[in-house]
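Engineer:
Protein chains in written order, with this note's numbering: chain H, 3 to 188; chain C, 12 to 345.
#1: Taking a contact to mean a Cβ-Cβ separation below 7 angstroms, would you say residue 319(C) touches residue 213(C) in this structure?
#2: Going residue by residue through the segment 177 to 214 of chain C, where are the continuous beta strand (DSSP E) segments of at least 3 residues, counting only ones entirely within it?
#3: Counting C-beta neighbours from all protein chains within 10 Å, is the total for residue 151(C) 16 or more, i.e. buried, or is it exposed?
#4: Any idea what DSSP makes of residue 329(C), helix, strand or coil?
#5: Output, in sequence order along the chain, the residues in the segment 121 to 144 of chain H whose CB is closer than 9 angstroms to any CB in chain C.
#6: Comparing the C-beta of residue 326(C) with each C-beta of chain H, is any distance below 7 angstroms?
#7: Could you tell me whether any Cβ in chain H is nearer than 7 angstroms to the Cβ of residue 346(C)?
#8: Tell me whether residue 71(H) is buried or exposed, calling it buried when 16 or more other Cβ atoms sit within 10 Å of its Cβ.
#9: In the DSSP assignment, the beta strand (DSSP E) including residue 161(C) goes from what residue to what residue?
#10: Between which two residues does the beta strand (DSSP E) carrying residue 32(C) extend?
#11: Here's the rule: buried if 16 or more other CB atoms are within 10 angstroms of the residue's CB, otherwise exposed. What is residue 142(H)?
#12: Is the Cβ of residue 28(H) closer than 7 angstroms to any Cβ of chain C?
#13: Identify, in the order they occur along the chain, each residue of the same chain with its Cβ nearer than 7 angstroms to the Cβ of residue 67(H), setting aside the five sequence neighbours on each side.
#14: Could you check the C-alpha separation between residue 107(H) and residue 127(C) for me, to the nearest Å?
#15: Measuring alpha carbon to alpha carbon, tell me which residue in 129(H), 144(H), 50(H), 103(H) is nearest residue 73(H).
#16: Shortest alpha-carbon distance to residue 340(C) belongs to which of 280(C), 123(C), 292(C), 161(C)?
#17: Against chain C, with Cβ distances strictly below 7 angstroms, would residue 11(H) count as a contact?
#18: Output the boundary residues of the beta strand (DSSP E) element that contains residue 135(C).
#19: Across the segment 151 to 160 of chain C and the segment 94 to 109 of chain C, are there enough close Cβ pairs to call them in contact, namely three or more that are closer than 8 angstroms?
#20: Is the Cβ of residue 12(C) closer than 7 angstroms to any Cβ of chain H?
#21: In angstroms, rounded to a whole number, what distance separates the CA positions of residue 307(C) and residue 299(C)?
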């Protein structure tokens, strides 16, 4: 009887064996994911604009592997050239709660893929779709809009701010202003 | 004998691993030789000690002592003999330990002495490949390649080791001992090959998923061959000479390849993945994973994660008829 108890308790530890799924191989058939998202709550006719999300965004922003790959790609593809380490430079800040073109992961994916006026280039065809999602997931982690266990706990180089995991959970406020430094000279 | 025979044969199997292009016991450089010598001295001394201990133990076990009537009674003659035996044993142990330590220290002095040769390389460990930069006082003669190091035979070559992500370890067993590549730090190691040949190296510090597929080749060749190779590597990529290669280059330049890879002489200028300027001249792709053939290049582009799961090379969007020209172009970058 005692042995049975010990054995069943030991079997509980097996529950810890399940690891986060890492998807290395993206689906090469689909060219790019197509999410229907609204930039503004206003639309013609009755009701709010119709949206359609595949749920892929959640898979990416709750996965520590995808977020850390995004962190690596963020510097590789020189995002920090304009956005610095999220604090913003000639491009808008990414770690605050203001989102000019929407702060959901689907909005960020679209911003990276399509580009935005006044400087943000389009990366369509230059960055594979799954990597765009990874970068967007990492950008979501800057304002800590991702679950704490999934956010990066350290960065490879010196940083003046705490790691993403140690930041307080953020919120997303749609709309915002383009910083004067990013505006076209008048 | 019948039972020992097959067992001994089986035990002798690993001996086959002592030869070859990646073996510390097949030394072809001064520092590797000093390590191999030290290894054999240690084996000889420690084997002797072990055999002597075992003989003594067996003798002691076989010799039966008559049951003592009084265990506390001592015989002065036996006492003296035992004292001498034990003192000699302790003395010998001390001498062995001290001399082996001294020997090891002396060998390390040889191993880590770097005089600095005519050639200095900067080798950066990356997940999971090696970036190799040939330094030169003239900036236009500096060039970068990956996973394949050519050195002139018989000359000491200084290697500066760095890492861009996690700790790696540079190890070419036939030429030298291990040296770690650590982020934010530069370690130095010197290699020298006494004989022309191809020596394989391997990352020797677990560095993530594809640690086992992080190999490199050191190719030692005559001074003239080396200089010819170096001049060729400094030059820009060969322009495509037929329609298929031309199409391959156009495909490459319009795809995400250019975000990470560099091909000098074209618009591809990414610097985070292996330099492809002369990728066709290297013997392997994927850090020692596949031989450089057109078929392997195509397989690698179409499905990198089937070959090296977790590698940072992404699967990209390609039409079926784009694979062939792309692979032909890359294979032709000799």
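Backbone N, C-alpha and C fix where the C-beta goes; we use that ideal spot for every residue, glycine too.
Structural biologist: If we stick to the structure as given:
#1: Not in contact: residue 319(C) and residue 213(C) (Cβ atoms no closer than 7 angstroms).
#2: 179 to 182, 190 to 192, 198 to 202, 208 to 214
#3: exposed
#4: coil
#5: 125, 127, 128, 129, 130, 131, 132, 133
#6: It does: the Cβ of residue 326(C) has a partner Cβ on chain H nearer than 7 angstroms.
#7: Residue 346(C) lies beyond the residue range present for chain C, which begins at 12 and ends at 345; the question has no answer from this structure.
#8: buried
#9: 159 to 163
#10: Boundaries cannot be given for residue 32(C), as no beta strand (DSSP E) includes it and DSSP labels it neither H nor E.
#11: buried
#12: yes
#13: 22, 24
#14: 52 angstroms
#15: 144(H)
#16: Here the closest residue by C-alpha is 292(C).
#17: no
#18: 130 to 137
#19: no
#20: The predicted model places residue 12(C) with a pLDDT of 49, which falls under 50 and marks its position as unreliable, so this point remains unresolved.
#21: 12 angstroms
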